[in-house]
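Residue numbers (this note's numbering), protein chains in the order written: chain A, 294 to 645; chain B, 294 to 645; chain C, 294 to 645. Every residue gets a Cβ at the ideal spot worked out from N, C-alpha and C, and that includes glycine.
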Amino acid sequence: MHPPVAVAGEKNIMKVAELAGILGGKWQGDGQREIRGVAALQNAGPDDLAFVEGDRPLGLADACPAGCILVAEGAPFPGHTTIEVKHPKLAFIRAVEALLPPAETAAGIHPTAIIAPGAHLAKDVSVGPYVVIERGVKVGKGTRLGAGVCLGEGVQVGTQCVLFPRVVVYPGVHIGDRVILHAGVVVGSDGFGYVLAEGRYQKFPQLGQVIIGDDVEIGSNSTIDRGSLGTTSIGQGTKLDNLVHVAHNVHIGKHCVIAAQTGISGSVEIGEQAVIGGQVGVGDHVRIEGGTIIGSQAGILPGKIVRRGLFVWGTPARPLAEFKRMYAHLAHLPELARKVKELSRRISGESR
Amino acid sequence: MHPPVAVAGEKNIMKVAELAGILGGKWQGDGQREIRGVAALQNAGPDDLAFVEGDRPLGLADACPAGCILVAEGAPFPGHTTIEVKHPKLAFIRAVEALLPPAETAAGIHPTAIIAPGAHLAKDVSVGPYVVIERGVKVGKGTRLGAGVCLGEGVQVGTQCVLFPRVVVYPGVHIGDRVILHAGVVVGSDGFGYVLAEGRYQKFPQLGQVIIGDDVEIGSNSTIDRGSLGTTSIGQGTKLDNLVHVAHNVHIGKHCVIAAQTGISGSVEIGEQAVIGGQVGVGDHVRIEGGTIIGSQAGILPGKIVRRGLFVWGTPARPLAEFKRMYAHLAHLPELARKVKELSRRISGESR
Amino acid sequence: MHPPVAVAGEKNIMKVAELAGILGGKWQGDGQREIRGVAALQNAGPDDLAFVEGDRPLGLADACPAGCILVAEGAPFPGHTTIEVKHPKLAFIRAVEALLPPAETAAGIHPTAIIAPGAHLAKDVSVGPYVVIERGVKVGKGTRLGAGVCLGEGVQVGTQCVLFPRVVVYPGVHIGDRVILHAGVVVGSDGFGYVLAEGRYQKFPQLGQVIIGDDVEIGSNSTIDRGSLGTTSIGQGTKLDNLVHVAHNVHIGKHCVIAAQTGISGSVEIGEQAVIGGQVGVGDHVRIEGGTIIGSQAGILPGKIVRRGLFVWGTPARPLAEFKRMYAHLAHLPELARKVKELSRRISGESR
């Protein structure tokens, strides 16, 4: 069918021993048991594969009727059929790929798609109904465009991408390979730049570009503005949740994660492997160095630098330990005030 | 016409006595006066019905030229035409239904709608232009799908629902009866789940479902993610405002209200009749028990439990009274610091 | 082509002297140099026009190979080709208009646009593919509607507007002249109003209107709710960033700026020339007087009045100086607590 689907396609049935072979793990128990699906440990039935991470849900696993459980090496579960692997959660991802391969989207262009002359689509792309593709667009091999996707003039989309329905990409945006854009995402809209002159806000030119790296995923209804004169860029492997806002001229490094509803103001630089919580606000011209963690709802003041590897929280954001210490004292503030009153009374009494 | 409309259809003209009959109220004044519209008390003209709640806007009502005012029982307004009812605001809702019935949307399927073979639409649904309906979709009686709505494979929509233009529903989502989804809502997109391994974020399967209960309303451009392995659910009668984010595996109880731009992280459980303000952030695995009130912009830390009936505020959230006390002391902190300095000086003086 | 484009059209080539004439400025250096583009100072090449504001990036400008630099009057750059103007950034906007005029969008109605009988479109509008226009709609001269835009019954759009792809305008909304609505914007959706009665939330009628003034710009995926009984209005020249939420019955004055992800609750009044940061939350029935500045992430409690010209910050918001003083003391709270403990010890010692 034409639009991208999120659900699995045909289910494969695999024996435990077979799965263990694929995952490079060591099975124990009933190697001939047939696995037909996957589930969370607490919901898994006798046909399902589940996984435990570390030693956490031991009690749960004991009673679990799962057909097979992926466990960490050296943490066997006597009495259960298990596969020991190095990284159970990662092995679970691989197992899902084997058991529940994503539905194939037939290549082809829906007759209602409107494709400007001069646009270049690789032979096996899938273009859904009511897609609009402007002049000069290039779409790579294996990419799927959901219903109503709109690609502006000169947009380039790499290979094996999935653009879900109603994604809008403004002219000139470059999108890498294996990028996933969820429904309603807008990439390349004008940045928020005005000059206050003669009593009114006059629009500053928003002529720049957006470059989205390979393996980026962007959640539903998030918005990424184009650079004003330069470029907005999102590095390879970075993941954005839903309703995230990225302003003009922002540069986000590789392999970052940014949770829902966070807003990144203009000209912010974010290094590699930053982890940013939800509803964080980052002021303009902030520099967040690599490996940083920013707690949810934190606010970074404009122009600040967050040093490599720090964990910051609060508004204005400060190092977590400092914030926690401050906050603990804050909770005892009523008590402290009482104490000061009491001291004051005693001293006055003594002074009399 | 084809797409859902928000404005009223034909206006009915009703006499005050007639309206009183419908509303089960007691009229006073001019029972033959004709009412043709409704308005807020401060804007109501001689043809309009208005309402007062409690005793609040008495002064206003005194001067109000409204054709008729709905008032609480035992709170008559001598000199005005009124209808006494138990609950004036509720009666006003009923009166609007009588005076300004919503425009009928003619049943029928716009010729540009693309409906996969095997989709099952009840006979009197209304399907707007450029709607895309995939395989296995079921749509119930009286439901209206606005322009460009996209229903993924296997989606089920109940009876008498209204999906405004550009709503996107990913495959497999179940939607109850009388559900209203405003423009741009996305239901069923992938949750934000990755495993950091081998230096990059690897996508965790997002194979679960979304179940939306009866009488749910979701505001414009809100996003609801599917469960990863399990289900995301929103209980009957719950109302979400605009730009709300609901992550994977969240369960929201019945009859909750969640104001605009609030974000609910993964695996959160919310009980019945919770009231959650705007821009609230709820960390993952939080449990919010029934009847709870959460003040706007509050932040609930991951894993916390908010006990039944509490009113909490702040980040990290704490009981309102505690927060207010703390905050009052915070405002006097400069003064407290001065006092301590003064005490310190006095003691040092005495010690000398 | 049919949908609005954000990129520039044909490039003009202009000599420095020519540009100086257009900008009413005084050139120095090589008046015959040809300028073919524009760039930020740090990226400008020998064919580009750049600008400096005040004295800030002097060091940068010294080494800059820009073809021509716009500088403030009385701040010449010996050794560079410059144009002295009153307001370099504003002059830069004008220069861009001259050098890179926006691409012409050919007037015309795409054959796939669905236009109800009785809709009135001025002769030179541009209507993209899959646009849906309902009964009674009026669209003014020179307005461009991007792909998939949906205008509900009775909507009025003024002249020279740009509605980017997938904008949804609910019935009855009035939009002024030269308004820009970015992709995914929703105008006129139902406000969040319910009456809790008989154990469930009953929808309060949302019958009002939205009026958008001239020269308003609204960022991607922002949502503007219609009035419940009255009107929601956004004043002339006001600019909203991405993912902003404006609730029912809100009135925003002229020439305000509201940054990304800010939420304005019901019945809020905002005066002229307010400047509101990102992720601000404004409670219902708040009055923000003209000329106010509200710092990012601030929260204004319901019913509050923010007086003319104040700069407020924090949640609950207070005047900036007060907030800063409080916050400075907060940072020293651990120290203060230690001091009190020490005092307490000394006094107890002396008392013994």
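For the ligand ATP, is there a heavy atom less than 7 Å away from the beta-carbon of residue i?
i       : result
K547(C) : Judged by which ligands are present, the structure shown has none, so any question about the ligand ATP falls away.
When we look at the beta-carbon of residue i and count the other beta-carbons within 10 Å, is it buried (16 or more) or exposed?
i       : result
A630(A) : buried
Q325(C) : exposed
V300(B) : Confidence at V300(B) is low in this model, with a pLDDT of 46, below 50, so its placement is unreliable and the value that follows should be read with caution. Buried: at least 16 other Cβ atoms inside 10 Å.
G574(A) : buried
L363(C) : buried
S641(B) : exposed
E397(C) : exposed
K547(C) : buried
H373(A) : buried
V298(A) : Note that V298(A) scores a pLDDT of 35, beneath 50, so its modelled location is shaky; the value from the coordinates is reported in the next line. Looking at its Cβ environment, which holds 16 or more other Cβ atoms inside 10 Å, V298(A) is buried.
R519(C) : buried
G530(C) : buried
N305(A) : exposed
E635(B) : exposed
A598(B) : According to the sequence displayed, residue 598(B) carries Ile and not Ala. Exposed: under 16 other Cβ atoms inside 10 Å.
N542(A) : buried
G367(A) : exposed
With respect to the beta strand (DSSP E) encompassing residue i, which residues constitute its N-terminal and C-terminal limits?
i       : result
I376(A) : T375 to V378
Y487(B) : Y487 to A490
L342(B) : D341 to F344
I504(C) : Q502 to I505
C361(C) : C361 to A365
I527(A) : T524 to I527
G465(C) : Unbroken run through G465(C): none, as it is neither H nor E.
Q554(B) : Per DSSP, Q554(B) belongs to no beta strand (DSSP E) and is neither H nor E.
D658(C) : As displayed, chain C neither begins before 294 nor continues past 645, which places residue 658(C) out of reach and without an answer.
V479(B) : V479 to S482
Q321(A) : K319 to Q321
P547(B) : According to the sequence provided, residue 547(B) is Lys. The question's Pro does not apply to it. Careful: K547(B) lies outside any beta strand (DSSP E) and carries neither H nor E.
R329(C) : Neither: R329(C) is in no beta strand (DSSP E) and is coded neither H nor E.
K496(A) : R493 to K496
So with CB distances below 7 Å, who are the chain B contacts of residue i?
i       : result
P458(A) : C443 and V461
P627(A) : R618, M619 and H622
Below 8 Å on C-beta distance, what does residue i contact in chain C?
i       : result
A365(B) : Chain C residues near A365(B): none, gap ~13 Å exceeds 8 Å.
K632(A) : V633 and S637
L623(B) : M619 and L623
For the alpha helix (DSSP H) that residue i lies in, which residues bound it at each end?
i       : result
A310(C) : V309 to L316
Which residues of chain C have a Cβ atom closer than 7 Å to the Cβ of residue i, listed in chain order?
i       : result
Y487(B) : Residues of chain C passing the Cβ test: none, with the nearest at roughly 23 Å.
H538(B) : By Cβ distance, chain C contributes nothing, its closest Cβ being about 11 Å from H538(B), past 7 Å.
K382(B) : V488
Quick one: list the residues of chain A neighbouring residue i, beta-carbon separation under 9 Å, in chain order.
i       : result
K282(C) : The displayed coordinates of chain C run from 294 to 645. Any statement about residue 282(C) would go beyond what the structure contains.
I545(C) : Those within 9 Å of I545(C) in chain A number zero; the least Cβ separation is about 13 Å.
Could you tell me which chain A residues have their CB closer than 8 Å to the CB of residue i, listed as they occur along the chain?
i       : result
Q502(C) : Per Cβ cutoff of 8 Å: no residues; Q502(C) is ~25 Å from chain A at best.
Which chain A residues are close to residue i, counting only those with a beta carbon under 7 Å from its beta carbon?
i       : result
T525(B) : Chain A residues near T525(B): none, gap ~12 Å exceeds 7 Å.
M467(C) : Note that residue 467(C) is His in the sequence shown, not Met. Chain A residues near H467(C): none, gap ~21 Å exceeds 7 Å.
S589(B) : Residues of chain A passing the Cβ test: none, with the nearest at roughly 12 Å.
Residue i touches chain B at which residues, Cβ-Cβ below 8 Å?
i       : result
Q572(A) : G556, Q572, G574 and G592
L648(C) : Because residue 648(C) is not part of the residues shown, which for chain C are 294 to 645, the question remains open.
Pop quiz: residue i and residue j are said to be a contact at Cβ under 8 Å. What is the actual Cβ separation, rounded to whole angstroms?
i       : j       : result
F616(C) : G602(C) : Incorrect: roughly 16 Å between the Cβ atoms, too far for contact.
A313(C) : I376(C) : 5 Å
S515(B) : V537(B) : 4 Å
C361(A) : A440(C) : About 49 Å separates the two Cβ atoms, so there is no contact after all.
F485(A) : A553(C) : 7 Å
G564(B) : E582(B) : 5 Å
Which chain C residues sit within Cβ distance under 9 Å of residue i?
i       : result
I407(A) : H295, H403, T405, P422, Y423 and A440
Can you list the alpha helix (DSSP H) stretches of 4 or more residues lying completely in the region 581-627 of chain A, in chain order?
-> List check, alpha helix (DSSP H) in window: 613-624.
Every unbroken beta strand (DSSP E) inside the region 385-457 of chain B [3 residues or more] | Correct list: empty.
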